[in-house]
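2 protein chains.
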Amino acid sequence: MHMFRRLLIASAAFALVCSAAHAQDLKTAEALRDKALRDYLAWDITEDLTTNIGPRLVGSPAMAKAKDWSVAKFKALGFTNIKVDEFAKPSWSRGEESAELVAPYAMKLGAVGLGRTVSTPAGGIEAEVALFKTFADMMAAPDGALKGKIVVITQPMVRTQNGAGYGAAGVSRRIGPVEAAKRGAVAMLIRSISTSDSTVPHTGGTASGEGVVTIPAAAIGVPEAEQLERLAARKVPMRVKLKLESSVNPNNVAWNISGDIKGSEKPDEVIVIGGHLDSWDVGTGALDDATGIAITTAAAKLIGDLPKRPKRTIRVVMWGSEESGGSSEAYLAANKDALSTMVLAGESDTGADRIYSLQVPAGSLDHPVVKAAASVLAPLKIYVDRTPAAGAGADVSGIERAGVPVINLNQDASRYFDYHHTMDDTLDKVRPAELAQNVAAWTSLVYLVADSDVDFRALKPAAPAAK
Amino acid sequence: MHMFRRLLIASAAFALVCSAAHAQDLKTAEALRDKALRDYLAWDITEDLTTNIGPRLVGSPAMAKAKDWSVAKFKALGFTNIKVDEFAKPSWSRGEESAELVAPYAMKLGAVGLGRTVSTPAGGIEAEVALFKTFADMMAAPDGALKGKIVVITQPMVRTQNGAGYGAAGVSRRIGPVEAAKRGAVAMLIRSISTSDSTVPHTGGTASGEGVVTIPAAAIGVPEAEQLERLAARKVPMRVKLKLESSVNPNNVAWNISGDIKGSEKPDEVIVIGGHLDSWDVGTGALDDATGIAITTAAAKLIGDLPKRPKRTIRVVMWGSEESGGSSEAYLAANKDALSTMVLAGESDTGADRIYSLQVPAGSLDHPVVKAAASVLAPLKIYVDRTPAAGAGADVSGIERAGVPVINLNQDASRYFDYHHTMDDTLDKVRPAELAQNVAAWTSLVYLVADSDVDFRALKPAAPAAK
Numbered sequence: 001m002h003m004f005r006r007l008l009i010a011s012a013a014f015a016l017v018c019s020a021a022h023a024q025d026l027k028t029a030e031a032l033r034d035k036a037l038r039d040y041l042a043w044d045i046t047e048d049l050t051t052n053i054g055p056r057l058v059g060s061p062a063m064a065k066a067k068d069w070s071v072a073k074f075k076a077l078g079f080t081n082i083k084v085d086e087f088a089k090p091s092w093s094r095g096e097e098s099a100e101l102v103a104p105y106a107m108k109l110g111a112v113g114l115g116r117t118v119s120t121p122a123g124g125i126e127a128e129v130a131l132f133k134t135f136a137d138m139m140a141a142p143d144g145a146l147k148g149k150i151v152v153i154t155q156p157m158v159r160t161q162n163g164a165g166y167g168a169a170g171v172s173r174r175i176g177p178v179e180a181a182k183r184g185a186v187a188m189l190i191r192s193i194s195t196s197d198s199t200v201p202h203t204g205g206t207a208s209g210e211g212v213v214t215i216p217a218a219a220i221g222v223p224e225a226e227q228l229e230r231l232a233a234r235k236v237p238m239r240v241k242l243k244l245e246s247s248v249n250p251n252n253v254a255w256n257i258s259g260d261i262k263g264s265e266k267p268d269e270v271i272v273i274g275g276h277l278d279s280w281d282v283g284t285g286a287l288d289d290a291t292g293i294a295i296t297t298a299a300a301k302l303i304g305d306l307p308k309r310p311k312r313t314i315r316v317v318m319w320g321s322e323e324s325g326g327s328s329e330a331y332l333a334a335n336k337d338a339l340s341t342m343v344l345a346g347e348s349d350t351g352a353d354r355i356y357s358l359q360v361p362a363g364s365l366d367h368p369v370v371k372a373a374a375s376v377l378a379p380l381k382i383y384v385d386r387t388p389a390a391g392a393g394a395d396v397s398g399i400e401r402a403g404v405p406v407i408n409l410n411q412d413a414s415r416y417f418d419y420h421h422t423m424d425d426t427l428d429k430v431r432p433a434e435l436a437q438n439v440a441a442w443t444s445l446v447y448l449v450a451d452s453d454v455d456f457r458a459l460k461p462a463a464p465a466a467k
Numbered sequence: 001m002h003m004f005r006r007l008l009i010a011s012a013a014f015a016l017v018c019s020a021a022h023a024q025d026l027k028t029a030e031a032l033r034d035k036a037l038r039d040y041l042a043w044d045i046t047e048d049l050t051t052n053i054g055p056r057l058v059g060s061p062a063m064a065k066a067k068d069w070s071v072a073k074f075k076a077l078g079f080t081n082i083k084v085d086e087f088a089k090p091s092w093s094r095g096e097e098s099a100e101l102v103a104p105y106a107m108k109l110g111a112v113g114l115g116r117t118v119s120t121p122a123g124g125i126e127a128e129v130a131l132f133k134t135f136a137d138m139m140a141a142p143d144g145a146l147k148g149k150i151v152v153i154t155q156p157m158v159r160t161q162n163g164a165g166y167g168a169a170g171v172s173r174r175i176g177p178v179e180a181a182k183r184g185a186v187a188m189l190i191r192s193i194s195t196s197d198s199t200v201p202h203t204g205g206t207a208s209g210e211g212v213v214t215i216p217a218a219a220i221g222v223p224e225a226e227q228l229e230r231l232a233a234r235k236v237p238m239r240v241k242l243k244l245e246s247s248v249n250p251n252n253v254a255w256n257i258s259g260d261i262k263g264s265e266k267p268d269e270v271i272v273i274g275g276h277l278d279s280w281d282v283g284t285g286a287l288d289d290a291t292g293i294a295i296t297t298a299a300a301k302l303i304g305d306l307p308k309r310p311k312r313t314i315r316v317v318m319w320g321s322e323e324s325g326g327s328s329e330a331y332l333a334a335n336k337d338a339l340s341t342m343v344l345a346g347e348s349d350t351g352a353d354r355i356y357s358l359q360v361p362a363g364s365l366d367h368p369v370v371k372a373a374a375s376v377l378a379p380l381k382i383y384v385d386r387t388p389a390a391g392a393g394a395d396v397s398g399i400e401r402a403g404v405p406v407i408n409l410n411q412d413a414s415r416y417f418d419y420h421h422t423m424d425d426t427l428d429k430v431r432p433a434e435l436a437q438n439v440a441a442w443t444s445l446v447y448l449v450a451d452s453d454v455d456f457r458a459l460k461p462a463a464p465a466a467k
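Right, dumping it as structure tokens:
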């Protein structure tokens, strides 16, 4: 037989086998997807975690209970290789807090201390307000210009589907107090990094810790920020009184908890998915991120229930310190050999509203597994974004930086920042049908990749040669 | 000339005169309406009152400033016969407040003391929770059955266009603490009387004062109420700690402030409209009821600016104690002769969303002035409800009971109880176009009545004869 012809036949036979395998996979993925749409496991997990454990700040008694809850949940759902990786994580906790306008009239301000803020003196700080409508305006003030003032920044956050408004507005929260301190301010209030019109303010981390020179800082409600802006526009002198209490435990520990759905053929090739178990102390961390835990755990469990499990292992990691940072670094430190086994990683951490797009690793857009995923996800109203996946959640960022390919299943964030990091991040904000759509997407996508041989690292396009 | 024919001619001539007058009135009313739709006075008044005065609780320094603001506003807008009627009104004020779940885990509860609640002991009250899903369920508990407990009632409020859900759910707030006290409870929390899903709780009056046996009581946020309900459903024992501080000033005074747009022909026939100047201490009382003040003041001012003023006088009363009660009784006491001069009364006190229907006094549906009003209001998407007007606002209820006919311009309350009596009742919740629609309706309707001779009392159908 002519060599070329033989190759052709072999190739066709291979394609047939492949396409038969693909067709079977596609059918299974579609069945999983449709089952997930009517499955209530993710809802039940979310309800259980938020109701029975409540808020889960790193260092709180609730966080320790949450760790035990995770182990029990993995066991109950049939996960194996359940691991609890403990790591050192200094913790911060909130005491009494209050803020009020004292002049030109008395008005209580909805206020919450930024995460890891320093305390005010016990009696609080009362001072004149220096108000800036943007972070940039404050940055333009020279060193010392804000001496003795309480700085207020009222820059609003823009509502966007992809959440990009958060990064833009968040700079006031992240480094505002440090920059205000440089300029002589004694305390700082920022307009809540929020898309809502609510008085319920958003907390969230601000730069703090050893060597950081900063001042007490809190977020205030959106209506209060606008009220102060209107008074400032009238040149009415304002005084605010702020009281913040907090404490730090430098010797705290946190935990990453993981469980596996073991692969049937290549168990040492691992797809890592998950959400974060910790939350801020306000609300019950329903959207941030009980639902991420629930979506990925339910997806893995649904796959694990298949009569024939996919080839690769699916590992769910319930990350133990997203809001306080350091989870993935701790994971890699505790699992030195894991890096080479991870073929893909992803995190669900933008609430539970609909997923609207998928991003895959660079170079993989034309791979059959991605084509199959596109086909399975299309009826869920998810399109494939041709921009490569990147920045797949704070908890897998360390893994991503270490070279593991990542996927993004992008959730609609239009509503997320109405509730994020507030007392209003509670179960009632989770929409069951949208939660199920998330599970359906994760389940079918992860199944397809887990039962394939796709090697995203090998598909990565070579970097352009240096000139 | 035959007598009948003469009568016919006279009658026709009269009808011609009338219809010419009516046609002119209709044209003026339409022009006023259309001008009002593009007028920003009501917005400016709302912004001014909420920004420069802030929250206006009876007895607060801000309320005294608000009284002066009212006088100045009437003067600036050309009102005459400006009167300040002072009356005795005991006042209540709020101190520090907090509520937290302490078992099964620590969770801060969004809480606000009910208006006129008594204080807890200085250290607060901590007790086991007895949770009831409805007020009726609690009422079924026998005397003494709740000994030592903190009662929680989680009955939700139903969202309705006409606000009827408020009355139905509000009973827990109004008399719940008294009824819980009878049954031995030591404190009470109610699910916020709210249509929102927010943690921001609603305050509002509860029975208190001399001879009333009651207990400290607060409202908690909707998500917290639902969280406690879920824990109760799991039979998890709960403990709550509640701290409420308040004080009462029995010797306080309040003020009704009024100003007139004097009628051109029959100045002693008076149409009384208005809103209430006071508010709760949370938020800035924007929807409740700065907008009512603004709508009615702007309407009267627009009419006052006409080249030819209507026959009758339009009086705007800025009622001084709606949330604490007693305004109209005080008004009648201070203006003993006013009752006979009042031809119609109305109040705007359900926020600033669109008006959707008009109710007129019994027997007047077929009067030409009501027909004209129906025609002018139809393009504003307001229909005439055939049920007679009644219960036209707490502040005119005393006047209404004394026999003065009232009108209702019914505002869409679908959204009102998301914000009402909360820190979220702020200027940003006011929609300028809907506010202007309100002004347009009041302006055109009040003008038509003010320039007419309609006597609503005379039109009132006779009560059915007693058998």
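So the protein lines, in turn, are chains A and B.
All residue numbers for the first sequence refer to full-length UniProt numbering, where the first residue is 1 and numbers rise by one.
All residue numbers for the second sequence refer to full-length UniProt numbering, where the first residue is 1 and numbers rise by one.
Glycine residues also receive a C-beta, built at the ideal position from the N, C-alpha and C atoms.
Just so it is clear, the structure is predicted and the values come from calculations on it, not from any experiment.
{"query": "For the alpha helix (DSSP H) containing B/Gln411, name the first residue and the last one.", "result": "Here B/Gln411 belongs to no alpha helix (DSSP H); instead the beta strand (DSSP E) covers 408-411."}
{"query": "Which first and last residues belong to the alpha helix (DSSP H) in which B/Met138 is found?", "result": "135-139"}
{"query": "Consult DSSP for A/Met188 and reduce its assignment to one of helix, strand or coil.", "result": "strand"}
{"query": "By the criterion of Cβ-Cβ separation under 9 Å, what are the contact partners of A/Pro237 in chain B?", "result": "Correct list: empty, because the minimum Cβ distance to chain B is about 13 Å."}
{"query": "Could you tell me which whole beta strand (DSSP E) segments of length 3 or greater appear in the region 68-99 of chain B?", "result": "80-88"}
{"query": "Got a sec: is the Cβ-Cβ distance from A/Pro405 to anything in chain B below 8 Å?", "result": "no"}
{"query": "First and last residue of the beta strand (DSSP E) that includes B/Leu358?", "result": "355-359"}
{"query": "So, is A/Arg415 buried or exposed, given that buried needs 16 or more other C-beta atoms within 10 angstroms?", "result": "buried"}
{"query": "Strictly by DSSP, which residues pair up with A/Thr313?", "result": "A/Val270"}
{"query": "Quick one: measure Cβ to Cβ for A/Val222 and A/Ser196, integer angstroms, because I've assumed they're closer than 8 Å.", "result": "6 Å"}
{"query": "Within 10 angstroms of the Cβ of A/Asp25, are there 16 or more other Cβ atoms? Answer buried if so, exposed if not.", "result": "buried"}
{"query": "Going along chain B in order, which residues have a C-beta closer than 7 Å to the C-beta of A/Ala62?", "result": "Tyr105"}
{"query": "Run the CB neighbour count on B/Gly213, radius 10 Å, all protein chains shown included, and call it buried at 16 or more, exposed below.", "result": "Per the sequence shown, the amino acid found at residue 213 of chain B is Val instead of Gly. By the 10 Å Cβ count, B/Val213 comes out exposed."}
{"query": "Considering only residues of the same chain and omitting the five flanking positions on each side of A/Asp385, which have a CB-CB separation below 6 Å?", "result": "Ser357, Gln359"}
{"query": "How close, in whole Å, do the beta carbons of A/Gln155 and A/Lys182 come, if the pair is a contact with beta carbons under 8 Å?", "result": "Actually they are not in contact, since the Cβ atoms of A/Gln155 and A/Lys182 sit about 18 Å apart, beyond 8 Å."}
{"query": "Return yes when the Cβ of A/Pro90 is within less than 8 Å of the Cβ of A/Asn249, no when it is not.", "result": "yes"}
{"query": "Could you tell me which whole alpha helix (DSSP H) segments of length 4 or greater appear in the region 203-259 of chain A?", "result": "222-233"}
{"query": "Would residue 473 of chain A pass as an interface residue toward chain B - the criterion being a Cβ-Cβ separation below 8 Å?", "result": "Chain A is shown only over 1 to 467; residue 473 of chain A falls outside these bounds and no answer can be derived."}
{"query": "Does DSSP put A/His421 in a helix, in a strand, or in coil?", "result": "coil"}
{"query": "Residue range of the beta strand (DSSP E) that B/Ile125 falls in?", "result": "125-132"}
{"query": "Give a yes or no on whether the minimum CB-CB distance between A/Ile53 and chain B is below 8 Å.", "result": "yes"}
{"query": "Could you check how far apart the C-beta atoms of A/Ala254 and A/Gly320 are, in whole angstroms? I think they sit under 8 Å.", "result": "4 Å"}
{"query": "With a 10 Å radius around its C-beta and 16 neighbouring C-beta atoms as the bar for buried, classify B/Lys429 as buried or exposed.", "result": "buried"}
{"query": "Does B/Pro223 have its Cβ less than 8 Å from a Cβ in chain A?", "result": "yes"}
{"query": "Around the C-beta of A/Tyr40, are 16 or more other C-beta atoms found within 10 angstroms, so that it is buried, or is it exposed?", "result": "exposed"}
{"query": "Step through the CB atoms of chain A and report whether any lies within less than 8 Å of the CB of B/Val17.", "result": "Confidence at B/Val17 is low in this model, with a pLDDT of 47, below 50, so its placement is unreliable and the value that follows should be read with caution. Not closer than 8 Å to any Cβ of chain A, the Cβ of B/Val17 fails to qualify, so no."}
{"query": "When the distance is taken between beta carbons, is A/Gln437 closer than 8 Å to A/Leu37?", "result": "yes"}
{"query": "Residues of the region 422-445 of chain A in Cβ contact with chain B at a cutoff of 9 Å, in chain order, please.", "result": "Thr422, Met423, Asp424, Asp425, Thr426, Leu427, Asp428, Lys429"}
{"query": "Please classify B/Met157: does DSSP put it in a helix, a strand, or coil?", "result": "coil"}
{"query": "Between which two residues does the beta strand (DSSP E) containing A/Leu109 stretch?", "result": "It is not in any beta strand (DSSP E) - A/Leu109 carries neither H nor E in the DSSP assignment."}
{"query": "Since B/Glu400 is in the alpha helix (DSSP H), which residue starts that stretch and which ends it?", "result": "397-401"}
{"query": "Out of A/Val317, A/Val152, A/Arg239, A/Ile261, which one is the CA nearest neighbour of A/Ala225?", "result": "A/Val152"}
{"query": "Give the DSSP-derived three-state secondary structure of B/Ala450 in the structure shown.", "result": "helix"}
{"query": "When DSSP builds the beta bridges, which residues end up paired with B/Ala103?", "result": "B/Arg239"}
{"query": "Tell me which same chain residues have a C-beta within less than 6 Å of the C-beta of A/Val178, skipping the five on either side of it?", "result": "Ala207, Thr214"}
{"query": "Using C-beta distances below 7 Å, list every residue in its chain close to B/Pro267, excluding the 5 sequence neighbours before and after it, in chain order.", "result": "Thr313"}
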